[in-house]
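Student: Using UniProt numbering, the letters of the sequence shown correspond one by one to residues 1 to 136.
All C-beta atoms, glycine included, are put in the ideal place defined by N, C-alpha and C.
Below you will find the structure I want to go over with you.
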Amino acid sequence: MLVSALGTASTGTAFERNIEPLATAPFPTAEYGDWIVTAFKAGKPLIVDDMVTDVRFDESQRAAHLGLGIQAEAALPLLSNGNLVGMLVVHSAAPRAWSERDLNRLRAVAERTWAAAGRAHLNTSRDAKLDAAFRE
Numbered sequence: 001m002l003v004s005a006l007g008t009a010s011t012g013t014a015f016e017r018n019i020e021p022l023a024t025a026p027f028p029t030a031e032y033g034d035w036i037v038t039a040f041k042a043g044k045p046l047i048v049d050d051m052v053t054d055v056r057f058d059e060s061q062r063a064a065h066l067g068l069g070i071q072a073e074a075a076l077p078l079l080s081n082g083n084l085v086g087m088l089v090v091h092s093a094a095p096r097a098w099s100e101r102d103l104n105r106l107r108a109v110a111e112r113t114w115a116a117a118g119r120a121h122l123n124t125s126r127d128a129k130l131d132a133a134f135r136e
């Protein structure tokens, strides 16, 4: 999931099972809770075991999540040079007590994904430079 400075977010490649597909077009983060993005910018994860009982959400934010079939979620911010550039998010269609093992796995996936994205960016930059040099 990518967050813009305009108060919107959009999903990239996603895999959904037992929940509604997430919007691919930018959507307003306020609908789901701007406080979540504020926490992400501070490097804090979001762990929700049961959307119905989590007191951090107001009724409209809760309804937005439940409308997508999201009963539980675990989300880690992806920061670059102190800036929020994305999030790795896992949703559950049922309430779920996220174990430390679950969260450690999610952290490992986030670290590997971030490292792979960095390598892909470096490779793309290198290839563009090689192409430009070849054309000269």
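Here's the rule I'm using: 16 or more other beta-carbon atoms within 10 Å means buried, otherwise exposed. How should Thr29 be labelled?
Tutor: buried
Student: With burial defined as no fewer than 16 other Cβ atoms inside 10 Å of the residue's Cβ, what is the status of Ala64: buried or exposed?
Tutor: buried
Student: Tell me where the alpha helix (DSSP H) around Gly67 begins and ends.
Tutor: 59-67
Student: Would you call the CB atoms of Ala72 and Ala42 closer than 9 Å?
Tutor: No. Outside cutoff.
Student: Check whether the Cβ atoms of Arg101 and Asp50 sit closer than 9 Å, and answer yes or no.
Tutor: no
Student: Please report the Cβ distance between residue 138 and Leu84, rounded to the nearest whole angstrom; I am assuming they are in contact, meaning their Cβ atoms lie under 8 Å.
Tutor: Absent from the model: residue 138. The displayed extent of the chain is 1 to 136, so no value can be given.
Student: Along the alpha helix (DSSP H) that carries residue 165, what are the first and last residues, could you check?
Tutor: This structure does not reach residue 165, given that the chain is present from 1 up to 136, and the question cannot be answered.
Student: So if DSSP puts Glu73 in a beta bridge, which residue, or which two residues, is it bridged to?
Tutor: Glu73 has Val48, His91 as its beta-bridge partners, per DSSP.
Student: With a threshold of 7 Å on Cβ separation, who are the neighbours of Ala5 within its own chain once the five nearest residues in sequence on each side are excluded?
Tutor: Only weak support exists for where Ala5 lies, its pLDDT of 44 falling under 50; the coordinates are left without a value.
Student: Cα separation between Ser80 and Ala115?
Tutor: Rounded to whole angstroms, Ser80 to Ala115 spans 11 Å at the Cα level.
Student: For Gly86, which residues does DSSP report across the bridge?
Tutor: Leu78
Student: Out of Ile36, Gly118, Leu106, state which residue places its alpha-carbon closest to the alpha-carbon of Arg56.
Tutor: Ile36
Student: Please state whether DSSP places Ala97 in a helix, a strand or coil.
Tutor: coil
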